[in-house]
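Student: Below you'll find the structure I mean.
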Amino acid sequence: MIDLEFLINTLSLGSLYALLALGLVLVYGILKLVNFAYGEYIMIAGYGLYFSATVLHLPWWATMLFGVAAAVLTSYLTELAAFRPVRNKSANALIVTSFAVSIFLQNAVLILVSPRARAVQLPPIFSQTVNIAGATTPVRNLLIIGTTITVLILLSLLMKKTVLGMAMRAAADKFTTTRLMGVPANLVISAAFIISGLLAGIASIFWIGRSASVDPVTGAAPLLIAFIATVMGGMHSPTGAVVGGFVYGLLFNVLSITLPASMISYRDAFMFVIVVLFLLFRPEGIIKGGYTEERVG
Amino acid sequence: MSLFARFLKLAQKHSALPMIMIPVVLVGIGVNMFGSSLLLNVYTYFCVSLIMVLGLQMFMGNSGILNWVHIGFVGVGAYASGILSTAPLVKSMGVPNMFPALVELNMPVIPAIMVGGLVAALLAAIIGYPLMRLSDFVGVITLFATLIVFHVIMTQWDNVTNGPRTFFGVPEFTTLTVALIGALIALAVAYWFRESGLGLRLRASRDDRYAAMSIGIDVVRVRYYGFITSALVAGLAGGVWAHFITSFSPKAFYISEMFILLSMVVIGGSGSISGAFMGTVFVTVGRELLRQVEGTINNAHLLSFEVYGLTEAVMAIFMIVILIWRPGGVVGGQELRWPLFKRNKPIVTKEVEDGV
Numbered sequence: 000m001i002d003l004e005f006l007i008n009t010l011s012l013g014s015l016y017a018l019l020a021l022g023l024v025l026v027y028g029i030l031k032l033v034n035f036a037y038g039e040y041i042m043i044a045g046y047g048l049y050f051s052a053t054v055l056h057l058p059w060w061a062t063m064l065f066g067v068a069a070a071v072l073t074s075y076l077t078e079l080a081a082f083r084p085v086r087n088k089s090a091n092a093l094i095v096t097s098f099a100v101s102i103f104l105q106n107a108v109l110i111l112v113s114p115r116a117r118a119v120q121l122p123p124i125f126s127q128t129v130n131i132a133g134a135t136t137p138v139r140n141l142l143i144i145g146t147t148i149t150v151l152i153l154l155s156l157l158m159k160k161t162v163l164g165m166a167m168r169a170a171a172d173k174f175t176t177t178r179l180m181g182v183p184a185n186l187v188i189s190a191a192f193i194i195s196g197l198l199a200g201i202a203s204i205f206w207i208g209r210s211a212s213v214d215p216v217t218g219a220a221p222l223l224i225a226f227i228a229t230v231m232g233g234m235h236s237p238t239g240a241v242v243g244g245f246v247y248g249l250l251f252n253v254l255s256i257t258l259p260a261s262m263i264s265y266r267d268a269f270m271f272v273i274v275v276l277f278l279l280f281r282p283e284g285i286i287k288g289g290y291t292e293e294r295v296g
Numbered sequence: 000m001s002l003f004a005r006f007l008k009l010a011q012k013h014s015a016l017p018m019i020m021i022p023v024v025l026v027g028i029g030v031n032m033f034g035s036s037l038l039l040n041v042y043t044y045f046c047v048s049l050i051m052v053l054g055l056q057m058f059m060g061n062s063g064i065l066n067w068v069h070i071g072f073v074g075v076g077a078y079a080s081g082i083l084s085t086a087p088l089v090k091s092m093g094v095p096n097m098f099p100a101l102v103e104l105n106m107p108v109i110p111a112i113m114v115g116g117l118v119a120a121l122l123a124a125i126i127g128y129p130l131m132r133l134s135d136f137v138g139v140i141t142l143f144a145t146l147i148v149f150h151v152i153m154t155q156w157d158n159v160t161n162g163p164r165t166f167f168g169v170p171e172f173t174t175l176t177v178a179l180i181g182a183l184i185a186l187a188v189a190y191w192f193r194e195s196g197l198g199l200r201l202r203a204s205r206d207d208r209y210a211a212m213s214i215g216i217d218v219v220r221v222r223y224y225g226f227i228t229s230a231l232v233a234g235l236a237g238g239v240w241a242h243f244i245t246s247f248s249p250k251a252f253y254i255s256e257m258f259i260l261l262s263m264v265v266i267g268g269s270g271s272i273s274g275a276f277m278g279t280v281f282v283t284v285g286r287e288l289l290r291q292v293e294g295t296i297n298n299a300h301l302l303s304f305e306v307y308g309l310t311e312a313v314m315a316i317f318m319i320v321i322l323i324w325r326p327g328g329v330v331g332g333q334e335l336r337w338p339l340f341k342r343n344k345p346i347v348t349k350e351v352e353d354g355v
């Protein structure tokens, strides 16, 4: 018997994970880059929230804009400074670059702010709970579901209806051909990074909202979730990422309930083992992509 | 061709090995005789790192797969060797929850290190079976996830590893001489592996997977064997490291340590033994210097706060610069050759040059 509380929990967790995975897969689709620095965009957004609220004393809506803007800016700057010059080198060079960017950002924050966690002030609605048909749930769970639905609709409109979106989808399919059609590579890639940063920023508000604090290694956990969700859902399409996010959220909640108390600390290990075994039988993930060419710079 | 000329040709072909080994030994002797205790420590640490990096190069450099789990195997070797060689009394005090069967175990250090290597190799044989089938990005991410699994198990399984707390009391064994001998053996093994039939097939699978398959190379199988060999070296390196450092916690086998190993391989160039060696030299020297700077800044109280993470941040920038400037590393995919600066046309294909 599935109760309502479990359903809402799973949906909200799945929404959050879907957002995380989506931001990662947009860049991957075009650049074939597994972006290890993605978690750091989330961390920077968290610090943006902290800084604008605690130091600048902005109202709550402005702190959120500030946080998201910080993530977008970081994403764009890392693209300019690090990823663009190594773009046409080997795939491993790109991955290692993103890893180095991640380490750099973490330690930059460590030096500039503090190794200790900072409390982030969020509007009270984040800590309130609400009662729906007998199920008690935090309001932020409903907010994240609503936000994710809105973001997904807007994003699919962007991808399907605008020229930029079409260029991005074409680039994800066949980058060289897309360039031959006159689409500037830098524009498409920058756009992918900006949207990726935007999604990271939005997801960050809710991620930070759960613990109300941020520290230099905040980004590690969401990064890993995004990784596993995309791999599970399929790396070749945004749909795969969303599906992967929801499936991963479901798996997480099911394991949380079914594992005995003594094994709960091994939950992550169990989850990864399940995912690896699943990939053994279906390496392309749940959603199979169409034809994808080898990576080009 | 006379025998002597043939010997000269062979010696020139394999000149990379003596060109690395002789300076390593000479500097080792120098440090042992005249060095301060700090220098002695740094050099011992350098030799141990070299074993780890060579283990990483054996698989990652030759197969082109980013092997995140490497540091996990180092940890497995360290724990296995530590558990086997530490006195039962020390273990029962230090690790209160340990399985009684493990507490009883006690053997001399050298066999303990060997067993540690074998345990790591065995584990690699089990997890490599599914993992080596996955290529490209799915492969990278699953290997990364496997490192996390290793870390979760090491921090949670307090019947074996003492959980997140420090495991201490490992007998000290690794002196400069031991580490130096280990490094020399690792150099020889890694060089031999790269030049062996298996290494050659592995490199072929790195450069072009489909071409390699088409000439009958079983890509999954060569990767699998390479993975196990690399894990064996990692496990042995972990044992040697454990008997040098004598107390450690799971933190030592995680992402930040992997970053150091990775930066060594990437900066030097993962395609060759010479590259792995040069990278280890650069990073060790760079880190020590940066650490001195960091210590000086903190001790002089120039700033109102303590500076943490400067070393890592600078190393990260350095790594990105190298990747932009020379993606194949400082040395590149080719081994060093005597004479150093007279190059007969190197074969530079895109893949070899880029083989990070």
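Residue numbers (numbering that gives the first Met the number 0), protein chains in the order written: chain A, 0 to 296; chain B, 0 to 355. Built from N, CA and C at the ideal position, the CB exists for glycine as well. None of the values given here were measured: they were computed from a predicted structure.
1. Mind listing the chain B neighbours of Phe271 of chain A? Cutoff is C-beta to C-beta under 9 Å, in chain order.
2. So what's Phe5 of chain A in DSSP terms, helix, strand or just coil?
3. Counting Cβ pairs, one atom from each stretch, are 3 or more of them under 8 Å apart for the segment 227-237 of chain A and the segment 204-213 of chain A?
4. With DSSP run on the structure shown, which of helix, strand or coil describes Ser212 of chain A?
5. Phe3 of chain B to Leu197 of chain B, Cα distance in whole Å?
6. Please check the pair Ala275 of chain B and Val264 of chain B, which I expect to be a contact at CB under 8 Å, by giving their CB distance rounded to whole angstroms.
7. Which runs of the alpha helix (DSSP H), 4 residues or longer, sit entirely within the segment 253-291 of chain B?
8. Going by DSSP, name the residue or residues bridged to Thr135 of chain A.
9. Is it true that the CB of Thr136 of chain A sits closer than 8 Å to the CB of Ile7 of chain A?
10. Interface residues of chain A around Gly362 of chain B at Cβ under 7 Å?
11. Would you call the segment 238-257 of chain B and the segment 73-88 of chain B touching, i.e. three or more CB-CB distances under 8 Å?
12. Please list, in chain order, the chain B residues whose beta carbon lies closer than 7 Å to that of Thr96 of chain A.
13. Can you look up Phe280 of chain A in the DSSP assignment and give me helix, strand or coil?
14. Fully enclosed by the segment 23-70 of chain B, which beta strand (DSSP E) runs are 3 residues long or longer?
15. Verify the CB distance criterion: does Tyr223 of chain B have a CB-CB separation below 8 Å to chain A?
16. Just checking my contact of Ala70 of chain A with Ile43 of chain A at CB under 8 Å: how many whole Å lie between their CB atoms?
17. Indicate the three-state DSSP secondary structure (helix, strand or coil) for Ala86 of chain B in the structure shown.
18. Give me the chain B residues within the contact set of Ile102 of chain A, using Cβ-Cβ distance strictly less than 7 Å, ordered along the chain.
19. Taking only beta-carbon positions, decide if Arg132 of chain B is within less than 8 Å of chain A.
20. Looking at the C-beta of Glu4 of chain A, does it have a partner C-beta in chain B at a distance below 8 Å?
21. Does Tyr209 of chain B come within less than 8 Å of chain A when only Cβ atoms are used?
22. Quick one: list the residues of chain A neighbouring Gly308 of chain B, beta-carbon separation under 7 Å, in chain order.
23. Suppose you measure from the CA of Gly296 of chain A to the CA of Leu278 of chain A; what does that come to, to the nearest Å?
24. For Leu101 of chain B, collect the residues of the same chain with a Cβ closer than 6 Å to its Cβ; drop the 5 residues on either side in sequence, then sort them by chain order.
25. What span of residues does the alpha helix (DSSP H) with Glu334 of chain B cover, start to end?
26. Any beta-carbon of chain B closer than 8 Å to the one on Lys173 of chain A?
27. Which residue marks the beginning of the alpha helix (DSSP H) containing Lys12 of chain B, and which one marks its end?
28. What residues match up with Ala118 of chain A in a beta bridge as DSSP calls it?
29. Assign Ile214 of chain B to one of two classes, buried (16 or more other C-beta atoms within 10 Å of its C-beta) or exposed (fewer than that).
30. Suppose you measure from the CA of Gly218 of chain A to the CA of Val108 of chain A; what does that come to, to the nearest Å?
31. Do you know offhand how far Cys46 of chain B's Cα is from Ala182 of chain B's?
32. Using the C-alpha atoms, what's the distance from Asn61 of chain B back to Leu9 of chain B?
33. For Leu261 of chain B, decide whether its Cβ has a neighbour in chain A, counting only Cβ atoms nearer than 8 Å.
34. Please classify Val67 of chain B: is it buried, with 16 or more other beta-carbons within 10 angstroms of its beta-carbon, or exposed?
Tutor: Straight from the coordinates:
1. Thr141, Ala144, Thr145, Ile147, Val148 and Val151
2. helix
3. no
4. strand
5. 29 Å
6. 6 Å
7. 254-267
8. A:Asn130
9. yes
10. This structure gives no information on residue 362 of chain B, because the portion of chain B shown stretches from 0 to 355.
11. yes
12. Ile319 and Leu322
13. helix
14. none
15. no
16. 6 Å
17. coil
18. Phe258, Glu311 and Ala315
19. yes
20. no
21. no
22. Asn106, Leu109 and Ile110
23. The predicted model places Gly296 of chain A with a pLDDT of 39, which falls under 50 and marks its position as unreliable, so this point remains unresolved.
24. Ile82
25. Careful: Glu334 of chain B lies outside any alpha helix (DSSP H) and carries neither H nor E.
26. no
27. Leu2 to Lys12
28. A:Ser212
29. exposed
30. 12 Å
31. 6 Å
32. 22 Å
33. yes
34. Sequence check: residue 67 of chain B is Trp here, not Val. It counts as buried.
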